[in-house]
Amino acid sequence: MKSICLCFKVHQPIRLRLYRFFEMGNSDYYYDDYTNEMILRRVAESCYLPANKIILDLINKYQGSFRIAFSISGTAIDQFKIYAPDVIESFRKLAATGCVEFLAETYSHSLSALKDENEFRRQVDSHATVIETLFGKRPTVFANTEFIYSDEIGAQVAGMGYKATLTNEPTPFLKWKCPNYLYKNAINPALMVLLKNERLSDDIAFRFSNSAWSGWPLTAAKYVSWLNKIPEEEKIVNLFMDYETFGEHQKLGSGIFKFLGSLPSEVLHNSDFQFMTPSEVAQHHQPVAAIDVPRPISCADQERDLTAWLGNELQQEAFEKLYVLSGMIGKCNDPALLKDWQYLQTSDHLYYMSTKYFSDGDVHAYFNPYDSPYMAFMNYMNVLNDFSIRLNREMSGKGKVQAINRPNNLTRSKLIEHYN
Amino acid sequence: MNINVLMFGWEFPPNISGGLGTACYGLTKGLTSFNDVDVTFVVPKVFGDEEKGNINLIGAGDVPVTNRRLNLKEFGKSIEYFEVGSKLVPYVDPEDYLRQSEYTVEGTKSLIETDIQGRVKFSGKYGPDLMSEIARYALVANVIAQDNQFDIIHAHDWLAYPAGIAAKQASGKPLVIHVHATDFDRSGGTVNPNVYAIEKRGMDVADKIITVSNLTRKIVIEKYGINPDKVITVYNAVEPYQHEDRTPIIKGLDEKIVTFLGRITMQKGPEYFVEAAYRVLQKMDNVRFVMAGSGDMMDKMIRRAAQLRITDKFHFTGFLKGDDVYRMLRMSDIYIMPSVSEPFGISPLEAMQAGVPVIISQQSGVAEILSNAIKINFWDINGMADAIHAILSYPGMSKMLSKYGKKESCNLSWKNAAYEVKQVYQSALRA
Chain A
1 MKSICLCFKV
11 HQPIRLRLYR
21 FFEMGNSDYY
31 YDDYTNEMIL
41 RRVAESCYLP
51 ANKIILDLIN
61 KYQGSFRIAF
71 SISGTAIDQF
81 KIYAPDVIES
91 FRKLAATGCV
101 EFLAETYSHS
111 LSALKDENEF
121 RRQVDSHATV
131 IETLFGKRPT
141 VFANTEFIYS
151 DEIGAQVAGM
161 GYKATLTNEP
171 TPFLKWKCPN
181 YLYKNAINPA
191 LMVLLKNERL
201 SDDIAFRFSN
211 SAWSGWPLTA
221 AKYVSWLNKI
231 PEEEKIVNLF
241 MDYETFGEHQ
251 KLGSGIFKFL
261 GSLPSEVLHN
271 SDFQFMTPSE
281 VAQHHQPVAA
291 IDVPRPISCA
301 DQERDLTAWL
311 GNELQQEAFE
321 KLYVLSGMIG
331 KCNDPALLKD
341 WQYLQTSDHL
351 YYMSTKYFSD
361 GDVHAYFNPY
371 DSPYMAFMNY
381 MNVLNDFSIR
391 LNREMSGKGK
401 VQAINRPNNL
411 TRSKLIEHYN
Chain B
1 MNINVLMFGW
11 EFPPNISGGL
21 GTACYGLTKG
31 LTSFNDVDVT
41 FVVPKVFGDE
51 EKGNINLIGA
61 GDVPVTNRRL
71 NLKEFGKSIE
81 YFEVGSKLVP
91 YVDPEDYLRQ
101 SEYTVEGTKS
111 LIETDIQGRV
121 KFSGKYGPDL
131 MSEIARYALV
141 ANVIAQDNQF
151 DIIHAHDWLA
161 YPAGIAAKQA
171 SGKPLVIHVH
181 ATDFDRSGGT
191 VNPNVYAIEK
201 RGMDVADKII
211 TVSNLTRKIV
221 IEKYGINPDK
231 VITVYNAVEP
241 YQHEDRTPII
251 KGLDEKIVTF
261 LGRITMQKGP
271 EYFVEAAYRV
281 LQKMDNVRFV
291 MAGSGDMMDK
301 MIRRAAQLRI
311 TDKFHFTGFL
321 KGDDVYRMLR
331 MSDIYIMPSV
341 SEPFGISPLE
351 AMQAGVPVII
361 SQQSGVAEIL
371 SNAIKINFWD
381 INGMADAIHA
391 ILSYPGMSKM
401 LSKYGKKESC
411 NLSWKNAAYE
421 VKQVYQSALR
431 A
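Chains A and B, in that order, give the protein sequences.
Mapping of the first sequence onto my numbering: residues 1 to 420, in sequence order.
Mapping of the second sequence onto my numbering: residues 1 to 431, in sequence order.
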């Protein structure tokens, strides 16, 4: 029995407004509500709502044979609650069918797994609670921000009680291994690891409307014929992609919704595959081996590593200056500060500071509110500095004050060493 | 196919007063590095201390013009008349001839002041005699065009356009004009009608027009009514970093230094710098601001700084030349160019080569090609102040701008620009 595992990622950051250094110490509202609302509504109309409807119809039509999963970030949920409660409603309808699994993530789609184990644990926990509250079931499968994974991180996730996690196929150093099997974590074998089949996932997510591509135009029938060519012993195909593939990255006119609509029928009638959610895959298949990932991998950019967020000096400085504050946060109770602390950790803030897009693709520029990475850095640091001032003021009654602009022990070169 | 270029400029290093001479020099050097391009560069006055390399440099003041026929094949005339000291710029075409018909022409006499050896006097500067100097330059250009073999004419900026036109009429060869700046940039909109007329005439007569940025290209097309097909952008570049000495600069001040280096005139936006400095000084103490240069607005800026009570941290150096410029840059932590309208702007590139982070205005040509610079609208004083604060407070930012800015500016070579100019020549020759 062969399994297809479809998992769609839903994330929107809470973007910062233009924050000048004069405001530091004087203004504690950091977010660009207008842009965030505008973008969220737009994606809801062009993608989330129509796609959810199609999926709901498919689930009802195939009465349990069509099963999928979603990984929705906490920042997306917070914004849905304010700007698009109809989207939450449509996800709840999907949850009610019993054929849809919801995964756990870090609450603010952050990089905390790389830096602070306690913070990481706290974030995953609060996210899982929100998912349970909204959709009725506590997640048993975890997906980190942009599938950042390493043996260490996997072990931590296992320690939190999760049965499985998703990540990218580690193409650079696992050439002989294939993503179409189930693996287990190298440190803690209790954790199953599902690897994204990059080629087949990206065929839909990236190449679908590219008329220069050899596979264009892609129909469900053609796609399933490729699935059928997969060798017999490879039992799993994991298709993980951004949900915005449907309607945003691949526009309505490209036929992507039609593809989605016709895919279950093709798969169920013309192939040996069945649809399974990630936890079902982890349950019904046997892991063939442990997967060794000594240094973190991800699904971001060409390099599939951490350079999308930590590749240049700006990013490294911002990251460092952010987590210097975690000691104080641990003792803080103020809800506004804690909320800001979450939102400031969203990985997108660092993503916008990448200098890769000077030469490279449009990926970093999509929904990027800044003209240049320097502006992104400047703005973020101004906000972070104000946050630090507020935190210091809050804590100064309770403990010693920590200055943010003084250099600390973790120098730049050590940081690169640590993450490369 | 060898291309012989007859180039008309106005300045040649080291006797320069702005970017024009630097740009001409760099471009010419770049062109002569190609085996199949030869350049004859004409300036009004050769001073004798020029570093010409393999450029054939001619001073218009060294060319005898008496008893010469001025060749005007296009109009079938072989005589023309120039009046010295006239406010109107006399062009060698029938319309002007008619307008000045009260002056009669006899034989091959041309009324122009020369020395005993028949050479016309040029100052090569921007004196009160400028208009007539341009006219005399055109006259001599006509003669030079008869005496030299070349395939194409290239005239830099409005001062040389009449010369380029005269050379075209003497030879029938195609004319390329190079717009380094327009009067719109210099005046902020209220152009001098005489200068505008010269500029427009040059653009109309030219076969191809090169502009130093898309900003300038837009102005040429929209304000001068020129066909876009004729106008091509070729970005300026910067000479490689000459100063190899690593003698440490002993900076006597502890504070960070933010520098404005340029003419203190409306076009360069000095007042925005002063206001931004004031904003920054309200929140930061460990910084000093320097306005290096001189110009017609200098007094006004000094008074404003005094009014804002910032003269303990805001300093004026007066005009800097040669090595002092370089020393100033090396002492700086930020270089800022808040120009209101800058056709290109080579100076930020020089700062970047020295590893200095730069803040430049969006309204400059050089902003079109730079990634590792902070770009702000010239009027956005708060944005400028924010950027200054960020570069001085966040070491990651200044390190990155310094490191990658240096790399980026070192990649902008005159050879690339020259190559593109060569393409323009070839398209003009083909037509």
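The beta carbon of each residue, even a glycine, is placed where N, CA and C say it ideally should be.
Chain-order list of residues whose beta-carbon lies under 8 Å from that of residue i (same chain, five-residue window excluded)
i: residue 150 of chain A; result: 293, 294, 295, 296, 297
Close-in-space but distant-in-sequence residues of the same chain around residue i (CB under 6 Å, 5 per side omitted)
i: residue 123 of chain A; result: 106, 107, 112
Test: residue i CB closer than 7 Å to a CB of chain A
i: residue 406 of chain B; result: no
i: residue 396 of chain B; result: yes
i: residue 313 of chain B; result: no
i: residue 254 of chain B; result: no
i: residue 382 of chain B; result: yes
i: residue 7 of chain B; result: no
i: residue 390 of chain B; result: yes
i: residue 400 of chain B; result: yes
Buried or exposed (CB count within 10 angstroms, at least 16 for buried), residue i
i: residue 41 of chain B; result: buried
i: residue 352 of chain A; result: buried
i: residue 211 of chain B; result: buried
i: residue 337 of chain B; result: buried
i: residue 82 of chain A; result: exposed
i: residue 205 of chain A; result: buried
i: residue 407 of chain B; result: exposed
i: residue 60 of chain A; result: exposed
i: residue 309 of chain A; result: buried
i: residue 304 of chain A; result: buried
i: residue 423 of chain B; result: exposed
i: residue 51 of chain B; result: exposed
i: residue 34 of chain A; result: exposed
i: residue 257 of chain A; result: buried
i: residue 12 of chain B; result: buried
i: residue 240 of chain B; result: exposed
i: residue 15 of chain A; result: buried
i: residue 3 of chain A; result: buried
i: residue 384 of chain A; result: buried
Cβ of residue i within 7 Å of any chain B Cβ
i: residue 17 of chain A; result: no
i: residue 233 of chain A; result: no
i: residue 381 of chain A; result: yes
i: residue 393 of chain A; result: no
i: residue 260 of chain A; result: no
i: residue 314 of chain A; result: yes
i: residue 465 of chain A; result: Residue coverage of chain A in this structure runs from 1 to 420, which leaves residue 465 of chain A outside it and unanswerable.
i: residue 4 of chain A; result: no
i: residue 303 of chain A; result: no
i: residue 353 of chain A; result: no
i: residue 20 of chain A; result: yes
i: residue 275 of chain A; result: no
i: residue 241 of chain A; result: no
i: residue 390 of chain A; result: no
i: residue 387 of chain A; result: no
i: residue 378 of chain A; result: yes
Cutoff 7 Å; reference residue i; Cβ partners in own chain excluding five residues on either side
i: residue 412 of chain B; result: 237, 238, 349
i: residue 409 of chain B; result: 238, 349, 352, 353
i: residue 428 of chain B; result: 152, 174, 176, 207, 208
i: residue 88 of chain A; result: 80, 81, 134
i: residue 244 of chain A; result: 43, 47
Practice problem: Would you list, in chain order, the members of the segment 119-148 of chain B that have their beta-carbon closer than 9 Å to a beta-carbon of chain A? | Solution: Residues passing the 9 Å Cβ filter: none.
Quiz item: For the segment 274-316 of chain A, which segments carrying the beta strand (DSSP E) assignment without a break, of at least 3 residues, lie completely within its bounds, in sequence order?
Solution: Counting only runs that start and end inside the segment 274-316 of chain A, the beta strand (DSSP E) elements of at least 3 residues fall at 287-291.
Practice problem: Name, going along the chain, the residues of the segment 317-341 of chain A whose beta-carbon falls closer than 8 Å to a beta-carbon of chain B. | Solution: 317, 318
Quiz item: Can you list, in chain order, the stretches of the alpha helix (DSSP H) that have 4 or more residues and sit fully within the segment 245-306 of chain B?
Solution: The segment 245-306 of chain B contains these whole alpha helix (DSSP H) runs: 270-283.
Practice problem: For the segment 358-384 of chain B, enumerate the residues whose C-beta is nearer than 9 Å to any C-beta of chain A, in chain order. | Solution: Taking a C-beta cut-off of 9 Å against chain A, the contacting residues of the segment 358-384 of chain B are 371, 372, 373, 374, 375, 382, 383, listed in chain order.
Quiz item: When Cβ atoms are compared, which residues of the segment 323-338 of chain B fall closer than 7 Å to chain A?
Solution: Listed in sequence order: no entries.
Quiz item: At what residue ranges does the segment 16-76 of chain A contain a whole run of the beta strand (DSSP E), taking only runs of 3 or more?
Solution: 68-72
Quiz item: At a Cβ cut of 8 Å, what residues of the segment 265-299 of chain B count as close to chain A, listed as they run along the chain?
Solution: 279, 282, 283
Practice problem: Could you list the residues in the segment 144-155 of chain A with a C-beta less than 7 Å from some C-beta on chain B, going in chain order? | Solution: Correct list: empty, as no residue qualifies.
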